[in-house]
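Undergrad:
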Amino acid sequence: MDLKTSLPENAKADIIYSLPANFTCKGDKMDGHFCVTKEKIYIYNGSEITLEYSIDDFSEFECKQQIGTSMAQGTLKSGETICFCGFSQDQFLRYAELMKLLDHCLRTGELMEITDTEEPVCPKCGLPLEGAKECIYCTGKGKTMVKLIKRIAPYKKYFAIAVICTILSELIWVLAPYLDRVIIDKYVTPKNTHWAGLAGVIITIVTLLLLAGVFEFFNMKNSFKVALNLGRDLRQEIFEKSQQLSMNSISKRTAGELINRVSSDAAKLEDFITANGKDAIVKILSLVIIGILLFIMDWRLALMTVLPVPIVFIIVQKLFDAMAIRYTKVWKNGVSHGETLHDILNGIRVVKSYGNEVREIQRYTECSERWAKSCVRAEMMWYLTIPASEFILTIGNFFVLYFGGNMILDHTMTLGQLIQFTTYVAMLYEPIRWLIQIPRNLADTSVSAGKVFEILDEDTDVRDCDDPIDLDIQGDIEFDGVYFGYKVYNPVLKDITCKINKGEMIGIVGHSGVGKSTMINLILRLYDCTQGEIRIDGVNIKDIAQHSLRSQVGVVLQETFLFDGNVLENIAYAKPDATFEEVIRAAKIANAHDFITKLPDGYNTRVGNKGYQLSGGERQRIAIARAILHDPKIIILDEATASLDTQTEKQIQDALGKLTKGRTTIAIAHRLSTLSNADRLIVLDKGRLAEFGTHAELMQKKGVYYKLVMAQRQTTKMKKAQPQTC
Ligand SMILES: Nc1ncnc2c1ncn2[C@@H]1O[C@H](COP(=O)(O)OP(=O)(O)OP(=O)(O)O)[C@@H](O)[C@H]1O
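Our numbering puts the first residue of the sequence shown at 192, with every later residue one more than the last.
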């Protein structure tokens, strides 16, 4: 969001943020600005500063929404409220964002300078870096390609064999025209009937061509080895990296986009290496060798041959940037196609239940057509260039034929020499044609390479410290002045301080969106808190190895995810080396054993995509069995019994009771009644810890929790009072 939309006249040079202020605090119109520097707030009326404050003098900043206009105001440390200015409603979001930044400055002592997009952007083109170290659009294509070529290093042996075999086969092809010349000049033109000599030359040609075939076979075999291994390495690395990325990075990308990078981008790089990798060396080498040969044979004819080449290269070079832009569009449309496909197929249940198949087909068709059109646009440009370049190139050939023909008539050149020369010219044009193709391939591949390296080079923002502790968790959890916001300056959780004791059952309650799941995400260290510390058994979770932490925390969510395998595999997911007996024991404790044995193949029954062949309650109990087998020290239950009927809920509550016994448990539930067995309750309000205590204590306090309970009782009463229709 842009927070420097316009500046007042005579604006101070160090203004970081500036928003239009349309009203004075009394409601009179003005043409003013609300400006912020690193330390000060200035209110301009026209070009004059009418108010000036130090940010430090305040304890809080906020926007007050009124009818028609809104006010920006701050609370001084003394408690006095200061109105800065009024602004129109269309500026509300910007002012709200700026107030959060000022609040963040009060806490940290530093005013964050956010850009238009809040994300770090490329200083050159202004596009978001999306976690990458360098802008993929501005990083030199050569640099990206060098990174790709460096990845060949582990397979340099295969690569070297491929290069040597190609060079040898090219040398044979260079030798062949010379032997053709010998046949023409020594046997055909003088009508020489020395058949043995002629047969000898022909046998030599055939043998050499056979040899060239053998070299070509080894070249292809080894090139494919390099490309396939490289493609496999890249896919593996991208996938591994996607598993290491923080939730923050993951949530910026769709599953479709990640799938695209693992599969098609990696495949494109693999194809590029197969088709062009070693060819680059060989083609350039043959260009040089044949060029030298042509100049040795006749420098004037050679000059005529190569004259059009620079013109062609200038045209192609000019086209390259335009091509890169078009291929970036192709890439984006390709990703969007993959995302749409993934989205629709993933939500196929919703699509069908709303009868929206036709609409989704239309959505997919539009997306697919957009992709196809961008491909055509990119390719068309290229296919117009190719015939033009070919024509310009062959102009040289016509000159060679004309002047070469004259030289034969003048007896300064033999027919065999001219044929040898024109064959070399044709051979020279082949690498040139290949070089002309390179910008197209490079433009296409460098977009994919850029996207692949963007992921591979991305820094993970949640990472293990240098010497992470492998902690044997007991279960004490402590929040100490914790602040967290998905945007650093916009905290969802503010100053949370509480201590949960080992073995305690804690419920987290609060309005929707108050930050309950966020609190749990922080315990799992899916995100790092922006301020303060979370300690487990007295150790800062940033010092605990992530694997160690997560392997001792069990999670049961409302929406259970089952993998497409059988029941046994899904329960054993938490402990792959578990014995069958251990799995059955866990299933029995989770009240799942009975229904599993009634399934067609018992524990070997496939659960189907995402476990849709099972009911919600059955999936939930498999997830509980999985958590029991995991044997965690800390259990997290996020709305685990929501949306279930009373009978199933009872079974699941019973299973959860067994799971949580003796372990630190943190449970979120909207229905407060499901937290009746909680030892204490954390009550969140506006992102702050409003209350913390037992149900009885909180009811007695008649605060936030009391109001929540009363409101829910009221709703339950109203529901019961409603007439039953069936
Ligand atoms: N990945 C995310 N990126 C940005 N904002 C997020 C993200 N996840 C949650 N939020 C925002 O953070 C706030 C707290 O969300 P959270 O899911 O923790 O609330 P909650 O109390 O668990 O809500 P509910 O009870 O409805 O599940 C919400 O305003 C939400 O929009």
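Each residue gets a CB set at the ideal place from its N, CA and C atoms; glycine is no exception. Just so it is clear, the structure is predicted and the values come from calculations on it, not from any experiment.
1) In or out: R654 buried (at least 16 other Cβ within 10 Å) or exposed?
2) Given 8 Å as the limit, tell me if Y677 has its C-beta closer than that to any heavy atom belonging to ligand 1.
3) Would the region 646-660 count as touching the region 489-503 if we require 3 or more Cβ pairs under 8 Å?
4) Using only the heavy atoms of ligand 1, determine whether one of them is closer than 8 Å to the beta carbon of E551.
5) List the residues that DSSP assigns as beta-bridge partners of E243.
6) Could you tell me how far apart the beta carbons of E760 and F786 are, in whole angstroms, since I believe they sit closer than 8 Å?
7) Under DSSP, the alpha helix (DSSP H) around G706 begins and ends at which residues?
8) Name the DSSP bridge partner or partners of S279?
9) Is the separation between the beta-carbon of N410 and that of S477 shorter than 9 Å?
10) Between which two residues does the alpha helix (DSSP H) carrying K920 extend?
11) So is C226 buried or exposed if we call it buried at 16+ other beta carbons inside 10 Å?
12) Around the C-beta of R568, are 16 or more other C-beta atoms found within 10 angstroms, so that it is buried, or is it exposed?
13) Compare the Cα-Cα distances from L606 to each of C558, V379 and G270 and report the closest residue.
14) To the nearest angstrom, how far is it from the Cα of L210 to the Cα of L684?
15) Sort M221, E200 and K229 by Cα distance to Y208 and report the nearest one.
16) Under 7 Å Cβ to Cβ from T916, same chain only, skipping five residues before and after it: list those, please.
17) Give me the DSSP bridge partner(s) of V744.
18) Per DSSP, G265 forms a beta bridge with which residues?
19) In whole angstroms, what is the alpha-carbon distance linking I535 and K220?
20) Roughly how many angstroms separate the alpha carbons of L292 and E882, rounded to a whole number?
21) Throw me the rounded Cβ distance for the R372 and Q611 pair, which I believe falls under 8 Å.
22) Between L425 and ligand 1, is the CB less than 8 Å from at least one heavy atom?
23) Within the continuous beta strand (DSSP E) that includes I697, where are the two ends?
24) Does at least one heavy atom of ligand 1 sit under 8 Å from the Cβ of E288?
25) Go through its chain and collect everything with a Cβ distance to D294's Cβ below 7 Å, but skip five positions before and after it.
26) Any idea what DSSP makes of E304, helix, strand or coil?
27) Just to confirm, are L436 and S639 a CB contact at a threshold of 9 Å?
28) For H224, report the span of its beta strand (DSSP E) as first-last.
29) Which same chain residues, not among the five before or five after Y897, have their C-beta less than 6 Å away from its C-beta?
30) Considering only their Cβ atoms, is the gap separating V747 from I825 smaller than 9 Å?
31) With DSSP as the reference, please indicate the residues paired to D768 in a beta bridge.
32) Go through its chain and collect everything with a Cβ distance to D671's Cβ below 8 Å, but skip five positions before and after it.
TA: Result, derived from the coordinates:
1) exposed
2) yes
3) no
4) no
5) Y233
6) That pair is no contact at about 17 Å.
7) Counting along the chain, G706 falls outside any alpha helix (DSSP H), and DSSP gives it neither H nor E.
8) T260
9) no
10) With the chain represented from 192 up to 917, any question about residue 920 goes unanswered, as that position is not in the structure.
11) buried
12) exposed
13) V379
14) 27 Å
15) K229
16) Confidence at T916 is low in this model, with a pLDDT of 44, below 50, so its placement is unreliable and the value that follows should be read with caution. Nothing listed; no residue qualifies.
17) I825
18) F252 and I273
19) 51 Å
20) 27 Å
21) 4 Å
22) no
23) M696 to V700
24) no
25) E251 and F252
26) coil
27) no
28) K220 to V227
29) M890
30) no
31) Note: D768 sits in no beta bridge, so no partner.
32) T688, G723, E724, I725 and R726
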